[in-house]
Amino acid sequence: MPSKEAKMINEMFKSMPREPEGTKHDYVAEREQNAKRPMPELPEGITLEETEFDGISGEILRPEHPKDTVIWYLHGGGFTTGSAKERRDITQYLAKTYEVTVISTNYRLSPEHKWPAHLDDCMKVYDELLRQGYDPKKMIFMGESAGGTLVLSTALRLAAEGKPQPAALVAFSPCTEQAVGLPSHTENIDTDYMLRDGTTRPEQYEAVFGINDRKACVEMLKDPLISPYYGDYSDLPPVFFAASDTEVLYDDSRLLFERLKKEGHQVQLDVQHELCHAYPMLPVLPEARETIQKAMDFAGKVMGE
Numbered sequence: 001m002p003s004k005e006a007k008m009i010n011e012m013f014k015s016m017p018r019e020p021e022g023t024k025h026d027y028v029a030e031r032e033q034n035a036k037r038p039m040p041e042l043p044e045g046i047t048l049e050e051t052e053f054d055g056i057s058g059e060i061l062r063p064e065h066p067k068d069t070v071i072w073y074l075h076g077g078g079f080t081t082g083s084a085k086e087r088r089d090i091t092q093y094l095a096k097t098y099e100v101t102v103i104s105t106n107y108r109l110s111p112e113h114k115w116p117a118h119l120d121d122c123m124k125v126y127d128e129l130l131r132q133g134y135d136p137k138k139m140i141f142m143g144e145s146a147g148g149t150l151v152l153s154t155a156l157r158l159a160a161e162g163k164p165q166p167a168a169l170v171a172f173s174p175c176t177e178q179a180v181g182l183p184s185h186t187e188n189i190d191t192d193y194m195l196r197d198g199t200t201r202p203e204q205y206e207a208v209f210g211i212n213d214r215k216a217c218v219e220m221l222k223d224p225l226i227s228p229y230y231g232d233y234s235d236l237p238p239v240f241f242a243a244s245d246t247e248v249l250y251d252d253s254r255l256l257f258e259r260l261k262k263e264g265h266q267v268q269l270d271v272q273h274e275l276c277h278a279y280p281m282l283p284v285l286p287e288a289r290e291t292i293q294k295a296m297d298f299a300g301k302v303m304g305e
């Protein structure tokens, strides 16, 4: 049974007007609308520094007495919207609750910038973090939705390039299969009030990947950097997944978790019930706080804390 807060969030998304079928979505207008939302007040004892990492903008949130652990947070938004600023609910919560430094960065967005611009920017940021002396063994990659996908894709590319891995990966509701689709992509459309229209937009693949016919590009979309489900995780750190069993991307976490577990990889999946897509980004929800605690416990155990 979802909490009363979760029910309110579900009703909010459910009551939002839906786009008529076939409508071409205006991503720029969506970004402008999202940018008007009020930002949460900065918690006492937390400082926020707006900065750049090799030309990529971002924020650093620091408690007064930070622990050694550093979280690098990647926002979601379908690769077309979202920003570090818009994820201050969770980044400020992480910095305050766990007394850790949180680095939250942006990346180029589609449709203005096609894949792999988003991933390229993540790689630039990580290279800069290493140059600045951040210890990957004390670092957690964390993100939600498209940000969760980038967490996995970045780690897979680091492995391919022989670069140091972080201590742990935390992916909240990532999209891990873009090529052929998974059962929950259709079965949960009526219960995922956030993604029910986004999954059927005919221009989504054109916006992000520059392709008009998904079925004709299956092999391209099976690239593990695009669809991390197909990746080789043997050189990757432990992975924590979380998803709601009623969201469209539920199987993206569940099936990859099952595969990695069968392969002997250190992995954990937290499943919540009847919650919105990427719910951990909303720590006002008790379920979000519970999942975040599990993720931090998982990462802490990996790092021997």
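In full-length UniProt numbering, the protein residues as written are 1 to 305. Glycine included, each C-beta is placed from N, C-alpha and C at the ideal position.
Identity of the residue in the options nearest residue i by Cα
| i | options | result |
| --- | --- | --- |
| Gly58 | Thr97, Leu48 and Glu258 | Leu48 |
| Phe172 | Leu129, Met39, Tyr27 and Val151 | Val151 |
| Asp270 | Glu64, Tyr193, Arg289 and Val284 | Arg289 |
| Ala179 | Asp213, Ile56 and Lys14 | Asp213 |
| Pro228 | Leu169, Leu282, Lys4 and Lys36 | Leu169 |
| Ala84 | Asp252, Ile46, Pro63 and Glu144 | Glu144 |
| Tyr98 | Tyr126, Val267 and Ile140 | Ile140 |
| Ala146 | Gly77, Val102, Glu44 and Pro280 | Gly77 |
| Leu249 | Gly300, Glu287, Glu305 and Ile189 | Ile189 |
| Pro116 | Lys36, Ala95 and Tyr205 | Tyr205 |
| Pro224 | Pro66, Lys7, Leu119 and Lys67 | Leu119 |
| Ser184 | Lys36, Pro63 and Ala243 | Ala243 |
| Glu274 | Val284, Thr246 and Ile292 | Thr246 |
| Asp127 | Lys24, Glu30, Leu221 and Glu161 | Glu161 |
| Leu61 | Thr69, Lys261, Thr101 and Asp26 | Thr101 |
| Met303 | Asp68, Pro286 and Gly55 | Asp68 |
| Val125 | Gly55, Pro63 and Lys96 | Gly55 |
Chain-order list of residues whose beta-carbon lies under 7 Å from that of residue i (same chain, five-residue window excluded)
| i | result |
| --- | --- |
| Asp197 | Arg18 and Glu19 |
| Leu42 | Leu48 and Gln92 |
| Glu177 | Ser227, Tyr229 and Asp252 |
| residue 307 | No answer is possible for residue 307: it lies beyond the span of the chain, which begins at 1 and ends at 305. |
| residue 307 | There is no way to answer for residue 307, as the model of the chain reaches only from 1 to 305. |
| Lys222 | Ala179 and Tyr230 |
With 16 other Cβ atoms within 10 Å as the buried cut-off, status of residue i
| i | result |
| --- | --- |
| Gly148 | buried |
| Asp232 | exposed |
| Glu86 | buried |
| Glu305 | exposed |
| Thr51 | exposed |
| Gly82 | buried |
| Gln132 | exposed |
| Gln293 | exposed |
| residue 306 | Because the chain is modelled from 1 through 305, residue 306 falls outside the range shown and cannot be assessed. |
Cβ-based neighbour list, residue i, same chain, cut-off 6 Å, excluding 5 preceding and 5 following
| i | result |
| --- | --- |
| Thr154 | Cys122 |
| Ser110 | Phe79, Thr80, Ala207 and Val208 |
| Lys14 | Tyr193 |
| His265 | Tyr233 |
| Val239 | Leu169 and Val267 |
| Cys175 | Thr149, Leu249 and Asp252 |
| Cys217 | Ile211 |
| Phe241 | Ala171, Ser253, Phe257 and Leu269 |
Segment limits, beta strand (DSSP E) that includes residue i
| i | result |
| --- | --- |
| Pro63 | Ile56 to Pro63 |
| Tyr73 | Val70 to Leu74 |
| Leu48 | Ile46 to Phe53 |
| Gln268 | Val267 to Gln272 |
| Leu285 | Careful: Leu285 lies outside any beta strand (DSSP E) and carries neither H nor E. |
| Leu169 | Ala168 to Phe172 |
Element boundaries [alpha helix (DSSP H), containing residue i]
| i | result |
| --- | --- |
| Ile189 | Per DSSP, Ile189 belongs to no alpha helix (DSSP H) and is neither H nor E. |
| Leu195 | Note, Leu195: premise wrong, no alpha helix (DSSP H); not H, not E. |
| Gly181 | Neither: Gly181 is in no alpha helix (DSSP H) and is coded neither H nor E. |
| Ala207 | Gln204 to Phe209 |
| Phe13 | Lys4 to Ser15 |
| Leu221 | Val218 to Leu221 |
| Tyr35 | This sequence places Ala at residue 35; Tyr is not what is there. That run of the alpha helix (DSSP H) goes Tyr27 to Ala35. |
Cβ neighbours of residue i in the same chain (closer than 8 Å, five flanking residues each side left out)
| i | result |
| --- | --- |
| Gln165 | Pro136, Ala155, Leu158, Ala159, Asp235, Leu236 and Pro237 |
Could you name each continuous alpha helix (DSSP H) segment of 4 residues or more that falls completely within the segment 90-161, going from the start of the chain to the end? 117-131 and 146-160
Taking only runs of the beta strand (DSSP E) that begin and end inside the segment 225-249, which ones reach a length of at least 3 residues, in chain order? Counting only runs of 3 or more, we get 239-244.
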